[in-house]
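To keep things clear, I will list the structure first and then write my remarks on it.
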Amino acid sequence: MENKSPRVAVIMGSDSDLPIVKKSIDILKKFGVSYEVSVISAHRTPEVAVEYASNAEAGGFDVIIAAAGKAAHLPGVLAAFTTLPVIGIPIKSSTLDGLDSLLSIVQMPAGIPVATVAVDGAENAGLLAVQILSLKYNELKEKLKLHRAEMKKTVMEKNIKIKEEVF
Ligand code: RP5
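The sequence shown runs 7 to 173 under the numbering used here.
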């Protein structure tokens with residue numbers, strides 16, 4: 007690591023989002039990236055959201071991951087109050103299968119980007135955060151290459167296995 011370690015703010019609109027967001031946290035753990043987890047709601051605690059985003063850079067964060075479901079305004083509101091990169095995770099809601107969350111997060115107006123991953127795509131949110139951090143923290147590049155190599159090995163093993171199982 008360089009002088010300071012990378013820090014990711016992992017924010018979710020409700021604790022009900024945690025089972026999905028945990029996949030981002032698992033990735034950050036795997037890569038040895040430090041993080042802070044919070045429940046902040048754009049609608050239920052809007053003042054906290056604004057304050058958190060406004061102070062995130064000064065507080066030593068490099069990237070924000072924000073997960074929300076339904077009318078998912080949290081990532082966009084956070085992005086409006088910081089120039090740190092914000093990665094949005096649309097959470098699948100029970101009624102509209104996450105399309106509501108996806109559109110709420112991805113359809114940002116020009117000027118305030120949110121890097122949106124797939125519905126419930128928390129693993130990719132974690133990986134994208136690590137990839138962004140790797141521009142500043144060189145040692146993460148090697149870890150990312152190792153992660154890709156592991157994935158490749160797993161898929162190749164599956165390829166061999168399926169040929170044995172399916173005739
Ligand atoms: C959103 O509303 C949250 O991100 C969550 O996905 C959804 C439901 O929240 P709860 O009613 O479960 O607290 O703000």
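In this text, a Cβ means the ideal position worked out from N, Cα and C, and glycines have one as well.
Query, Result
"To which residues of the same chain is K28 closer than 8 Å at the C-beta, ignoring the five residues directly before and after it?", "A128"
"Closer than 7 Å to a non-hydrogen atom of the ligand RP5 - does that hold for the CB of K28?", "no"
"Between I111 and the ligand RP5, is there a pair consisting of the residue's CB and a ligand heavy atom that are separated by less than 7 Å?", "no"
"Residue range of the alpha helix (DSSP H) that A131 falls in?", "A128 to S140"
"Based on the DSSP output, what are the partners of V14 in its beta bridges?", "Y41 and V69"
"Given A155, which residues of its chain have a CB within under 6 Å of its CB, disregarding the five upstream and five downstream residues?", "none"
"Quick check: what's the CA-CA separation for V45 versus K147?", "30 Å"
"Under 8 Å by Cβ, that's how I've got G88 and A59 pegged, so tell me the actual separation to the nearest angstrom.", "The residue asked about is misnamed: residue 88 is Thr in this sequence, not Gly. With a Cβ gap of about 5 Å, T88 and A59 count as contacting."
"Taking the alpha-carbon of I33 as reference, which of S11, E53 and K149 has the nearest alpha-carbon?", "K149"
"Run through the region 74-161 for me and flag every whole beta strand (DSSP E) of 3 or more residues, listed as ranges in chain order.", "92-97"
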